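Asks:
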Amino acid sequence: MRHLFILVLISSFLFSCTSQDVKIDAKKSQSHYKLGLELVQLNLFKNALEEFDLAIQFNPEDPKIYRKKGILLFGMKNYEEAKNSFQKTIELDPKDVQAHINLGMIYYTSGNKDEALKRWEFAIGLKPDDNDSKALNNIGNIYKTKNDLTKSIEYYQKAITYEPGNSTYLNNLGDSYRLKGDLVKAEEILLNSLKVDTNGMLTHFNLGVLYQTEGKFKKAVDSFQKSLNINPYYTEAYYQLATSLLKTNNKESAKQSLEKAIQADPNNLKFQELYNKVLAS
Numbered sequence: 001m002r003h004l005f006i007l008v009l010i011s012s013f014l015f016s017c018t019s020q021d022v023k024i025d026a027k028k029s030q031s032h033y034k035l036g037l038e039l040v041q042l043n044l045f046k047n048a049l050e051e052f053d054l055a056i057q058f059n060p061e062d063p064k065i066y067r068k069k070g071i072l073l074f075g076m077k078n079y080e081e082a083k084n085s086f087q088k089t090i091e092l093d094p095k096d097v098q099a100h101i102n103l104g105m106i107y108y109t110s111g112n113k114d115e116a117l118k119r120w121e122f123a124i125g126l127k128p129d130d131n132d133s134k135a136l137n138n139i140g141n142i143y144k145t146k147n148d149l150t151k152s153i154e155y156y157q158k159a160i161t162y163e164p165g166n167s168t169y170l171n172n173l174g175d176s177y178r179l180k181g182d183l184v185k186a187e188e189i190l191l192n193s194l195k196v197d198t199n200g201m202l203t204h205f206n207l208g209v210l211y212q213t214e215g216k217f218k219k220a221v222d223s224f225q226k227s228l229n230i231n232p233y234y235t236e237a238y239y240q241l242a243t244s245l246l247k248t249n250n251k252e253s254a255k256q257s258l259e260k261a262i263q264a265d266p267n268n269l270k271f272q273e274l275y276n277k278v279l280a281s
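Structure representation (structure tokens):
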């Protein structure tokens, strides 16, 4: 506790200096930068920002400080200032891969998926041999939402070459094959994902949808129930479970599943419509 107090005291004292008092000093800049990193670890985010600003004042040409500041601002949901920090990083170091990826996340979070896609594709092109699996997976996600499944599969496969044991990437790849209609390949990959992480909620859900498509409704019921055992708040799983239960003539269980879905999301018209049909049948 005493150490924490001293860190904050030093931070407050040093930040009281005005920019007019500051001269370029890379060593002092590094000291403030390291102190900022420590303060982040202590969840003292405002103080950390002050330290990063001082680090920048002592050495405004160091791109990594702007990048770290941007990451902190992004975590604080201050997206516009985070964007400015990442853009400054890129201005100082146009080949900073992570800054381009982070800037892409800003655009993605704000709903500009096309610009995010441009940033991520540019980033992975800077250093093709680097492990940019997260960016590759993100690109795959965007192509999947665009229903360009050939492209989404391509990028998920690239991500998996870097992290073959990543259950999220495997789930995304398997679901893309499902959407493309290759159900055998999709099931194989989704089951492999569950070997890596048996608690993959979305993987169990996607398997349920796959089994629905194949008309294997008892297996679909089992998969949706496993998904809900992991996350009982995933309302779409209740809905899909109900549709599968109806296919197995288990009307009462379907009704109960829909009641849980409606309780969690009372304004969902899709849930209400199916529930009314069940009551009327």
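All residue numbers for the sequence shown refer to the numbering used here, where the first residue is 1 and numbers rise by one.
We put the beta carbon where it would ideally sit given N, CA and C, even for glycine.
Note that the structure is a prediction, hence the values are computed from the model and not measured.
(1) Report buried or exposed for Lys69, applying the criterion of at least 16 other Cβ atoms within 10 angstroms of its Cβ.
(2) Where does the unbroken alpha helix (DSSP H) through Lys144 begin, and where does it stop?
(3) Less than 7 Å separating the beta-carbons of Glu81 and Leu73?
(4) Determine the DSSP secondary structure at Leu35, reduced to helix, strand or coil.
(5) Within its chain, find whatever has a CB closer than 7 Å to the CB of Val40; leave out the 5 residues flanking it on each side and keep chain order.
(6) Rounded to whole angstroms, what's the CA-CA distance from Leu4 to Val184? Just pull it up for me.
(7) State buried or exposed for Ile6, treating a residue as buried only when at least 16 other CB atoms are found within 10 Å of its CB.
(8) Sort Tyr33, His100, His32 and Ser193 by Cα distance to Asn330 and report the nearest one.
(9) Select from Leu117, Lys95, Pro232 and Tyr177 the residue whose C-alpha is nearest the C-alpha of Met105.
(10) Put Ile24 into one of helix, strand or coil per three-state DSSP.
(11) Could you give the first and the last residue of the continuous alpha helix (DSSP H) run that contains Asp114?
(12) Which residue comes first and which comes last in the alpha helix (DSSP H) that contains Asp53?
(13) Could you tell me which whole alpha helix (DSSP H) segments of length 4 or greater appear in the stretch 202 to 275?
(14) Can you tell me whether Leu35 is buried or exposed? The criterion is at least 16 other CB atoms within 10 Å of its CB, across all chains shown.
(15) Please check the pair Val278 and Lys251, which I expect to be a contact at CB under 8 Å, by giving their CB distance rounded to whole angstroms.
(16) Looking at Gly165: is its Cβ nearer than 7 Å to the Cβ of Val196?
(17) Please state if the CB of Ser176 and the CB of Ile153 are separated by a distance shorter than 7 Å.
(18) Which of the three DSSP states is assigned to Ser110 in this structure?
(19) Here's the rule: buried if 16 or more other CB atoms are within 10 angstroms of the residue's CB, otherwise exposed. What is Glu50?
(20) When burial is assigned at 16 or more other CB atoms within 10 Å of the CB, is Leu191 buried or exposed?
(21) Could you say which of Tyr238, Tyr79, Pro94 and Tyr162 lies nearest to Phe205 if we only look at CA atoms?
(22) DSSP state of Asn84, grouped into three classes?
(23) By alpha-carbon positions, which one of Leu245, Asn112, Ser110 and Val97 ends up nearest to Ala135?
(24) Given a cut-off of 7 Å, decide if Tyr33 and Ile65 are closer than it, judged by their beta-carbon atoms.
(25) Can you give me the start and stop residues for the alpha helix (DSSP H) that Asn171 sits inside?
(26) What does the alpha-carbon distance come out to for the pair Lys158 and Leu202?
(27) Could you work out which residue in Gly174, Asp265 and Gly200 is closest to Ser229 when comparing CA atoms only?
Replies: Short version:
(1) buried
(2) Ser133 to Thr145
(3) yes
(4) helix
(5) Cβ within range, chain order: Ala48 and Leu72.
(6) Interpretation of Leu4 is limited by its pLDDT of 48, a score under 50 that renders its predicted location unreliable; no figure is taken from the coordinates.
(7) Residue confidence for Ile6 is low, a pLDDT of 49 falling below 50, so the modelled location carries little weight and cannot support an answer.
(8) Absent from the model: residue 330. The displayed extent of the chain is 1 to 281, so no value can be given.
(9) Leu117
(10) Note: Ile24 maps to coil in three-state DSSP.
(11) Lys113 to Leu126
(12) Phe45 to Phe58
(13) The stretch 202 to 275 contains these whole alpha helix (DSSP H) runs: 217 to 230, 235 to 247 and 251 to 264.
(14) buried
(15) 6 Å
(16) With a cutoff of 7 Å on beta-carbon distance, Gly165 and Val196 are scored as near each other.
(17) Yes, the pair counts as a contact, with Cβ atoms nearer than the cut-off.
(18) coil
(19) buried
(20) exposed
(21) Tyr238
(22) Three-state result, Asn84: helix.
(23) For Ala135, the closest of Leu245, Asn112, Ser110 and Val97 by C-alpha to C-alpha distance is Val97.
(24) yes
(25) Here the alpha helix (DSSP H) through Asn171 covers Ser167 to Lys180.
(26) 21 Å
(27) The sequence as given places Asn at residue 229; Ser does not occur at that position. For the residues Gly174, Asp265 and Gly200, the minimum Cα distance to Asn229 belongs to Gly200.
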